[in-house]
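Engineer:
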Amino acid sequence: MPSLALKDFRLATTFGVVAACSSLIFAHAPVAQAGCTFLMPIGGNGDGPKPYIVKKRVQRNKAFIGRTNWNTDFVVNQPFASYKLFFTADSTDSNPGSYPIEAFLKFSDGSNLRVVNEFMKPPTGTGAQFGPFQTPQGKAVSQVNFKVGAGNDPGATGFSYRISVQGCD
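With numbering that gives the first Met the number 0, letter number 149 in the sequence shown gets 148, and the count goes up by one each step, no holes.
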């Protein structure tokens with residue numbers, strides 16, 4: 000008959016193996032931010048396998064003629080506690096110019112809050128996550144706005160990028 004110490008060792012070993020296998024199974028499962036949902040852009044590409052990702056190019060200010068594509072709004076169709084914004088450099092140019100990135104939470108009362116105000120010069124395939132930004136007390140977010148412009152650096156014009164936004168509970 001096995002000793003009590005041997006039984007305890009077998010039991011501990013069994014639990015260890017089960018825990019290790021469980022962690023391996025969960026480590027290879029698709030990773031989704033718990034409680035976060037991608038927001039749909041107003042306009043943008045809107046089709047394809049990931050319609051919540053917008054692909055654009057940095058454009059120079061058109062002054063008095065035409066409109067730029069600097070602004071992209073993402074619709075908020077339910078209340079979220081916070082928001083995460085994602086930016087990825089998509090061009091093949093290995094030496095892009097520097098360009099400004101701004102982001103705003105727009106509220107249902109017509110006001111807004113700037114949450115990002117940076118200049119970036121990221122290499123291809125890299126970028127940034129901004130946030131999470133908390134919804135201010137007493138406010139209802141109706142849209143999240145991304146604004147990417149050329150600024151004063153002509154090397155930034157034509158540089159392509161991808162953006163997306165998540166609302167999180």
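By construction, the Cβ of each residue, glycine as well, lies at the ideal position given by its N, Cα and C atoms.
CA-CA distance, D108 and A139?
Structural biologist: D108 and A139 have their alpha carbons spaced roughly 8 Å apart.
Engineer: Would you mind stating whether I41 and D72 have Cβ atoms separated by less than 8 Å?
Structural biologist: yes
Engineer: Quick one: is G166 buried, meaning 16 or more other Cβ sit within 10 Å of its Cβ, or exposed?
Structural biologist: By the neighbour-count definition (other C-beta atoms within 10 Å, threshold 16), G166 is a buried residue.
Engineer: Out of G96, P131, F79 and T125, which has the shortest C-alpha to C-alpha gap to A102?
Structural biologist: P131
Engineer: Which whole runs of the beta strand (DSSP E) in the segment 85-164 are 3 residues long or more, in chain order?
Structural biologist: 98-106, 111-119, 126-133 and 140-147
Engineer: Name the residue from S110, T123, G96 and S90 whose alpha carbon lies nearest to the alpha carbon of P142.
Structural biologist: Strictly speaking, residue 142 in this sequence is Gln, with Pro absent from that position. That would be S110, whose Cα lies nearest to the Cα of Q142.
Engineer: In this structure, what does DSSP give as the bridge partners for Y82?
Structural biologist: F132 and G166
Engineer: Mapping DSSP to helix, strand and coil, what is V74?
Structural biologist: strand
Engineer: Can you have a look at A88 and say buried or exposed, based on whether 16 or more other CB atoms are within 10 angstroms of its CB?
Structural biologist: buried
Engineer: Mapping DSSP to helix, strand and coil, what is I52?
Structural biologist: coil
Engineer: Check the C-beta distance from N70 over to K146 and give it rounded, since I have them as a contact under 8 Å.
Structural biologist: Yes, they are in contact, since the Cβ atoms of N70 and K146 sit about 5 Å apart, within 8 Å.
Engineer: With a threshold of 8 Å on Cβ separation, who are the neighbours of R113 within its own chain once the five nearest residues in sequence on each side are excluded?
Structural biologist: E101, A102 and F103
Engineer: Which term fits P29, buried or exposed, when burial requires 16 or more other beta carbons within 10 angstroms of its beta carbon?
Structural biologist: Since pLDDT at P29 reaches only 27, below the 50 mark, its modelled position is unreliable, and no value is offered.
Engineer: By the 10 Å Cβ neighbour count, where 16 or more other Cβ atoms means buried, how is V164 classified, buried or exposed?
Structural biologist: buried
Engineer: Are any of the Cβ atoms in chain D nearer than 8 Å to that of R113?
Structural biologist: In the structure shown, chain D cannot be found, because there is only a single protein chain.
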